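Chains as they are written, first to last, in the working numbering: chain A, 21 to 594; chain B, 119 to 372. For each residue, glycine too, the CB sits at the ideal point set by N, CA and C. Source: prediction; values computed, not measured.
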Amino acid sequence: MSHTTTKTPARTYFAMMLTSRKISLSVTLNRFIFFLTRLPIVGKSIPTSLYGEYESKIALVVLANIVRLFKRLMMKALYLAFLLASCAWALDMGGRTESGLLSATIYNYALLFFFFFSYIGAGIAYGKAMNLDASLDLMLIDKFRVDSAIYIPARIFERKIIDFFASIPYAILLSTSPDYSIFDGLLILMTMAMSKMTFEALYLLFFKHLSLSKKRNRKFFNYLILVVAIAVFPAPYILIISNNTFSVSSVVLHPLFILGMIIASVLSALYVLNFQQYRELAWTSVVNFNIALEKSKNSTKDKNFATVKNAIDQDTNTAEDQMLYSHLSGYAYFNRIFVRRHRKYFNKHMLFRGCALAGISLSYIGITTFFRFFSDRPITSVSERTFHILPLCFGVFYFLSLGRSATAAMFRSCDSAMLTYPFYRESKAVLRSFYHRFKTILYYNLPTFMGILVISVGFDIFGNFFEHHTSLKSIHYIEMIPYIIACTMIWIFFSFHDLFIYYIIQPYTSELGVKSKLFNIVQGVVYYISWMNFQMSEVNMTIYMAVLIIATLIYFIIGILCINKFSAKTFRLR
Amino acid sequence: MRLHIHELEHSFDSHTVLNKVTYTFERGRIYGLLGRNGAGKTTLFNCLASYLEFNSGRIAIDYNDEATDAPGFFESVSASSNQSRNYKESDIGFVFTQPHLPEFMTGREFIKFFIEINGGKIQNPKEVDDYFRMVAFNPADGDRLIKGYSHGMMNKLQMLISMHILKPPVILLDEPLTSFDVVAALEVKNMIKNIKKDHIIIFSTHILQLAQDLCDEIVVLHDGQLRPIPPEKIHSSEFEAEVIALLQEPESQA
Numbered sequence: 021m022s023h024t025t026t027k028t029p030a031r032t033y034f035a036m037m038l039t040s041r042k043i044s045l046s047v048t049l050n051r052f053i054f055f056l057t058r059l060p061i062v063g064k065s066i067p068t069s070l071y072g073e074y075e076s077k078i079a080l081v082v083l084a085n086i087v088r089l090f091k092r093l094m095m096k097a098l099y100l101a102f103l104l105a106s107c108a109w110a111l112d113m114g115g116r117t118e119s120g121l122l123s124a125t126i127y128n129y130a131l132l133f134f135f136f137f138s139y140i141g142a143g144i145a146y147g148k149a150m151n152l153d154a155s156l157d158l159m160l161i162d163k164f165r166v167d168s169a170i171y172i173p174a175r176i177f178e179r180k181i182i183d184f185f186a187s188i189p190y191a192i193l194l195s196t197s198p199d200y201s202i203f204d205g206l207l208i209l210m211t212m213a214m215s216k217m218t219f220e221a222l223y224l225l226f227f228k229h230l231s232l233s234k235k236r237n238r239k240f241f242n243y244l245i246l247v248v249a250i251a252v253f254p255a256p257y258i259l260i261i262s263n264n265t266f267s268v269s270s271v272v273l274h275p276l277f278i279l280g281m282i283i284a285s286v287l288s289a290l291y292v293l294n295f296q297q298y299r300e301l302a303w304t305s306v307v308n309f310n311i312a313l314e315k316s317k318n319s320t321k322d323k324n325f326a327t328v329k330n331a332i333d334q335d336t337n338t339a340e341d342q343m344l345y346s347h348l349s350g351y352a353y354f355n356r357i358f359v360r361r362h363r364k365y366f367n368k369h370m371l372f373r374g375c376a377l378a379g380i381s382l383s384y385i386g387i388t389t390f391f392r393f394f395s396d397r398p399i400t401s402v403s404e405r406t407f408h409i410l411p412l413c414f415g416v417f418y419f420l421s422l423g424r425s426a427t428a429a430m431f432r433s434c435d436s437a438m439l440t441y442p443f444y445r446e447s448k449a450v451l452r453s454f455y456h457r458f459k460t461i462l463y464y465n466l467p468t469f470m471g472i473l474v475i476s477v478g479f480d481i482f483g484n485f486f487e488h489h490t491s492l493k494s495i496h497y498i499e500m501i502p503y504i505i506a507c508t509m510i511w512i513f514f515s516f517h518d519l520f521i522y523y524i525i526q527p528y529t530s531e532l533g534v535k536s537k538l539f540n541i542v543q544g545v546v547y548y549i550s551w552m553n554f555q556m557s558e559v560n561m562t563i564y565m566a567v568l569i570i571a572t573l574i575y576f577i578i579g580i581l582c583i584n585k586f587s588a589k590t591f592r593l594r
Numbered sequence: 119m120r121l122h123i124h125e126l127e128h129s130f131d132s133h134t135v136l137n138k139v140t141y142t143f144e145r146g147r148i149y150g151l152l153g154r155n156g157a158g159k160t161t162l163f164n165c166l167a168s169y170l171e172f173n174s175g176r177i178a179i180d181y182n183d184e185a186t187d188a189p190g191f192f193e194s195v196s197a198s199s200n201q202s203r204n205y206k207e208s209d210i211g212f213v214f215t216q217p218h219l220p221e222f223m224t225g226r227e228f229i230k231f232f233i234e235i236n237g238g239k240i241q242n243p244k245e246v247d248d249y250f251r252m253v254a255f256n257p258a259d260g261d262r263l264i265k266g267y268s269h270g271m272m273n274k275l276q277m278l279i280s281m282h283i284l285k286p287p288v289i290l291l292d293e294p295l296t297s298f299d300v301v302a303a304l305e306v307k308n309m310i311k312n313i314k315k316d317h318i319i320i321f322s323t324h325i326l327q328l329a330q331d332l333c334d335e336i337v338v339l340h341d342g343q344l345r346p347i348p349p350e351k352i353h354s355s356e357f358e359a360e361v362i363a364l365l366q367e368p369e370s371q372a
């Protein structure tokens with residue numbers, strides 16, 4: 021691509037700066053109007069014709085500019101507070117204190133932080149050329165097709181000018197010290213702006229000579245920047261803590277330093293104005309941004325189904341499956357094929373859970389038995405255990421349940437298509453599939469159920485035997501019955517719950533998103549209940565199990581009634 | 119048999135998409151539905167197929183040709199029959215632009231399942247391979263997972279279900295030839311022409327030449343209204359100009 025070699029007059033850059041400001045303000049105003057229209061209750065009364073009422077918007081432009089200025093000053097004030105807090109912390113770490121917040125030492129140390137962060141750090145990490153803003157810069161380059169050879173240098177200069185003026189309060193604050201005048205403050209700000217301009221030119225130099233348009237080179241460069249930034253950031257802290265500081269003002273206000281910065285910044289400005297690869301730099305940023313945006317959209321879109329994206333067994337022997345299920349028909353056939361085609365995926369997860377829980381059980385038995393036979397402790401009597409593992413098992417089941425994966429796979433591979441067919445939405449079809457799927461999820465959660473049963477019975481009932489050397493005769497075997505019932509209720513609850521809310525709320529859209537606040541709330545409540553169970557290990561087990569069993573039964577019964585009555589209407593494609 | 123639409127109205131927020139649409143479609147004819155993007159073609163299809171509950175109006179299938187126009191038909195229907203639709207969902211076959219098929223099944227399994235489930239509604243059920251041949255679908259591909267099918271293969275299966283197996287009285291095709299190659303497109307066009315005598319076929323398209331080639335009547339959806347193009351103009355040289363003039367009419371004039 022050929023680049024213009026004619027000299028661009030300064031007014032062109034100035035005009036570009038003004039235009040970009042106007043567009044930025046317009047975008048901000050439209051976004052604000054959009055935000056207002058989305059507000060509950062009042063939103064509907066905001067007319068959409070406001071977007072086109074340019075005269076009314078002028079008043080808002082003035083307001084927006086004031087707000088922007090205020091915002092920028094606030095950020096500067098926060099930065100100043102951060103500098104002062106950093107000074108105080110570093111002094112404290114160094115075992116020193118200062119009598120006042122604005123003593124001469126504090127001014128000097130604040131300047132030290134300012135030097136490292138604003139002169140060097142910000143120059144390295146926050147240069148305009150390196151950080152084209154997606155909401156304005158890339159939009160103007162990509163959508164408005166502005167000439168990046170004019171736009172980018174205009175923005176570089178604009179940023180330095182705005183930074184300078186926005187930092188004037190620092191100069192004013194510095195002049196409150198008897199050691200500094202307002203002129204000193206302004207000089208410091210000027211050399212800061214010059215330093216940043218120099219870093220801008222350096223980045224452009226690196227872009228050209230290191231071919232930063234290439235992905236691998238850019239990645240390497242970004243790591244390099246990160247390393248430098250990590251080295252620069254702690255430097256003032258280390259200097260202050262170790263009491264090895266230097267007088268920043270004697271450096272930055274030294275005539276030679278100022279002269280050097282002037283020369284460097286003039287040369288840098290000229291380089292910025294004459295750089296020939298702005299279009300390449302701009303399009304590299306645009307392309308990278310669009311790729312990142314696409315990736316983010318895809319991951320957001322599919323995040324609910326990411327784990328089941330490849331759940332279908334593509335190596336399945338379909339001819340063999342035909343023979344296996346030739347005796348079946350209708351929905352029985354349909355559902356068996358579904359389970360068959362997902363068996364590899366779910367078998368793997370079932371096996372993992374079974375093995376993990378078996379491993380925990382065997383480890384417990386192994387460790388306690390080892391100490392039982394090799395420990396010198398005398399045989400103790402049965403102790404009253406206050407800690408019980410059954411509530412933890414409830415919490416663990418929440419995380420190990422395959423109900424969520426199963427319903428996600430059902431929607432992704434099956435229902436997202438099948439719900440477009442009228443026959444699939446008929447009441448008897450919906451109910452038949454529900455009960456078949458409930459049995460399937462019970463099967464998927466079987467290893468987890470067996471695992472928590474063994475663990476809870478083993479730990480809570482046989483624990484004294486394993487840990488306290490009691491005899492098997494002293495164990496109350498009858499207590500196993502409520503444990504078996506309680507574990508069964510946990511198994512039923514988690515196997516039923518995910519499927520129940522899937523059928524009653526059906527939160528998924530045809531674009532694989534989630535469009536139901538109620539679904540999120542319900543999931544949040546179940547998560548909270550599960551988490552609370554981790555805190556219940558010392559509650560009375562009789563009460564705990566009674567509540568668990570009764571609550572699960574009630575939930576299950578009401579759930580079944582709701583499914584029978586409502587699911588034909590609710591189980592639809594959004 | 120006729121499909122009557124009477125004063126059908128539907129809006130999204132404050133934007134009226136269908137504005138008291140009244141029209142009658144007849145069996146044995148292929149209707150091309152033209153309209154600009156956002157005109158409401160898919161909305162109209164969704165209302166017909168019961169995917170969308172419209173705000174007001176009525177849609178009915180006159181199975182016995184009781185009346186020749188929509189107002190006449192609804193007058194003849196008894197007052198107690200006040201439902202917005204008088205037909206079952208399965209009376210409308212909808213061929214989507216994007217096919218909807220369960221990825222975990224093979225084509226053969228899905229067709230087999232479909233036939234079993236809808237057994238009572240299928241006249242003269244055939245073997246799966248016979249159905250495959252109707253849409254020029256390779257039977258060998260029937261044993262592969264649908265997940266691995268091309269878009270065109272999925273479209274063929276979709277058409278097979280919606281047009282050949284159930285044979286619903288009304289068939290809606292939403293941009294049906296997207297992603298078909300030239301040969302497949304010709305096969306599908308011939309298929310549609312062959313079955314038209316027993317159905318009411320309405321398909322939406324942006325391609326004027328396709329509409330001219332395939333359709334007996336063309337209806338333009340503009341400004342919430344359906345307006346027919348006179349049949350004698352469909353194959354005339356002024357057809358394109360007439361359609362564009364209709365579509366360019368300012369919406370307030372409609």
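What does the alpha-carbon distance come out to for the pair residue i and residue j?
i, j, result
"residue 368(B)", "residue 81(A)", "34 Å"
"residue 113(A)", "residue 271(A)", "26 Å"
"residue 362(A)", "residue 463(A)", "13 Å"
"residue 241(B)", "residue 227(B)", "20 Å"
"residue 288(A)", "residue 33(A)", "17 Å"
"residue 246(B)", "residue 138(B)", "43 Å"
"residue 372(B)", "residue 320(B)", "Confidence is the limiting factor: at residue 372(B) the pLDDT is only 39, short of 50, which leaves the residue's position unreliable, though a coordinate-based value still follows. Looking at the two C-alpha atoms, the distance is approximately 23 Å."
So, for residue i: in the same chain, excluding its five sequence neighbours on each side, which residues have a beta-carbon less than 8 Å away from its beta-carbon?
i, result
"residue 280(A)", "none"
Is any beta-carbon of chain B found at less than 7 Å from that of residue i?
i, result
"residue 133(A)", "no"
"residue 437(A)", "yes"
"residue 434(A)", "yes"
"residue 358(A)", "yes"
"residue 258(A)", "no"
"residue 3(A)", "The question about residue 3(A) has no answer here: the residues shown for chain A are numbered 21 through 594."
"residue 54(A)", "no"
Which one or two residues does DSSP pair with residue i in a beta bridge?
i, result
"residue 180(B)", "120(B)"
"residue 343(B)", "340(B)"
"residue 446(A)", "Note: residue 446(A) sits in no beta bridge, so no partner."
"residue 246(A)", "DSSP lists no partner for residue 246(A)."
For residue i, tell me which candidate among the options has the shortest Cα-Cα distance.
i, options, result
"residue 171(A)", "109(A), 43(A), 482(A), 413(A)", "43(A)"
"residue 251(B)", "225(B), 360(B), 236(B)", "225(B)"
"residue 501(A)", "517(A), 477(A), 521(A)", "477(A)"
"residue 592(A)", "544(A), 234(A), 65(A), 523(A)", "523(A)"
"residue 196(A)", "110(A), 78(A), 127(A), 99(A)", "127(A)"
"residue 198(A)", "125(A), 223(A), 159(A), 146(A)", "125(A)"
"residue 176(A)", "220(A), 166(A), 185(A)", "220(A)"
"residue 358(B)", "341(B), 345(B), 325(B)", "325(B)"
"residue 339(B)", "218(B), 144(B), 307(B), 161(B)", "161(B)"
"residue 365(B)", "350(B), 209(B), 353(B), 345(B)", "345(B)"
"residue 473(A)", "411(A), 430(A), 519(A)", "411(A)"
Can a CB atom of chain A be found closer than 7 Å to the CB of residue i?
i, result
"residue 223(B)", "yes"
"residue 220(B)", "yes"
"residue 208(B)", "yes"
"residue 248(B)", "no"
"residue 274(B)", "no"
"residue 261(B)", "yes"
"residue 234(B)", "yes"
"residue 365(B)", "no"
For residue i, is the beta carbon positioned less than 6 Å from some heavy atom of the ligand ATP?
i, result
"residue 506(A)", "Absent from the structure shown: the ligand ATP. Ligands present: none."
Near residue i, what residues of its chain come up, given a Cβ to Cβ distance below 6 Å and the 5 sequence neighbours on each side ignored?
i, result
"residue 107(A)", "126, 129, 130"
Ignore the nearest five residues each way along the sequence and tell me which others in residue i's own chain have a CB closer than 7 Å to its CB.
i, result
"residue 249(B)", "229, 278, 282, 283"
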